[in-house]
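Participant: Got a structure for you, written out below as structure tokens; questions coming shortly.
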Amino acid sequence: MLGILTPPAQASSWTGYLTAVMPGYESRRWTDTGGTTTIKFTDCYSGTWKSAQVRLRKDTFGPDPAYATAVFTNCFNGTTATSTGTWSDRGSGEYYFAVNESGVNLTLTVKSITVTY
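Just so you know, our numbering puts the end of the sequence shown at 299, numbered straight through with nothing missing.
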């Protein structure tokens with residue numbers, strides 16, 4: 183029996199940061215060909231509020247589908263503390279994340295963000 187072996191797909195990623203973004207902020211878009219998406223925040227700050235809501239969205243014509251919301255709390259515990267959310271495969275397309283869509287917090291600062299897809 184003959185088979186064709188293909189190497190596993192390489193994950194892509196990008197990094198960035200947020201400075202005093204308001205509720206509903208939308209990240210840059212990225213093109214995902216399918217697979218798991220992981221979003222990691224390191225060193226978060228938003229005054230006395232110690233939580234950030236992060237929701238994965240797919241950029242489409244019309245209302246953008248919204249997937250599960252991850253609540254990030256650990257990244258508020260110091261300069262090396264991280265919070266991570268993972269979303270299962272939602273198919274190929276243009277994706278982004280939104281923060282604090284429900285209006286919690288006034289601003290959010292995140293020293294380091296890594297998105298892997």
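Glycine is no exception: its CB is placed at the ideal position from the N, C-alpha and C atoms.
Flag this pair as yes or no: are the beta carbons of C257 and T251 separated by less than 8 Å?
Facilitator: Not in contact: C257 and T251 (Cβ atoms no closer than 8 Å).
Participant: Find the nearest neighbour of S270 within the set W231, T261, S294, I221, judged by alpha-carbon distance.
Facilitator: The shortest C-alpha separation from S270 is found at I221.
Participant: Nearest by alpha-carbon distance to Y249: which of E283, S194, D225 is it?
Facilitator: Nearest of E283, S194, D225 to Y249, Cα basis: E283.
Participant: Can you grab the Cα-Cα spacing for the pair T219 / V236, in whole Å?
Facilitator: Straight-line Cα distance between these residues: approximately 12 Å.
Participant: Please report how far the alpha carbon of T197 lies from the alpha carbon of R210, in whole angstroms.
Facilitator: Those two C-alpha atoms are separated by around 11 Å.
Participant: Quick check: the Cα distance between E276 and T230, rounded to an integer number of angstroms?
Facilitator: Each residue's Cα considered, the two are about 34 Å apart.
Participant: Under three-state DSSP, which class holds F258?
Facilitator: Here F258 sits in helix by DSSP.
Participant: May I have the straight-line CA-CA distance separating T255 from F243, to the nearest angstrom?
Facilitator: So the two alpha carbons sit approximately 32 Å from each other.
Participant: Does R237 come out as helix, strand or coil in the three-state DSSP assignment?
Facilitator: Of the three classes helix, strand and coil, the one that applies to R237 here is strand, per DSSP.
Participant: Give the secondary structure of W196 by DSSP, where H, G and I count as helix, E and B as strand, and everything else as coil.
Facilitator: Strand at W196.
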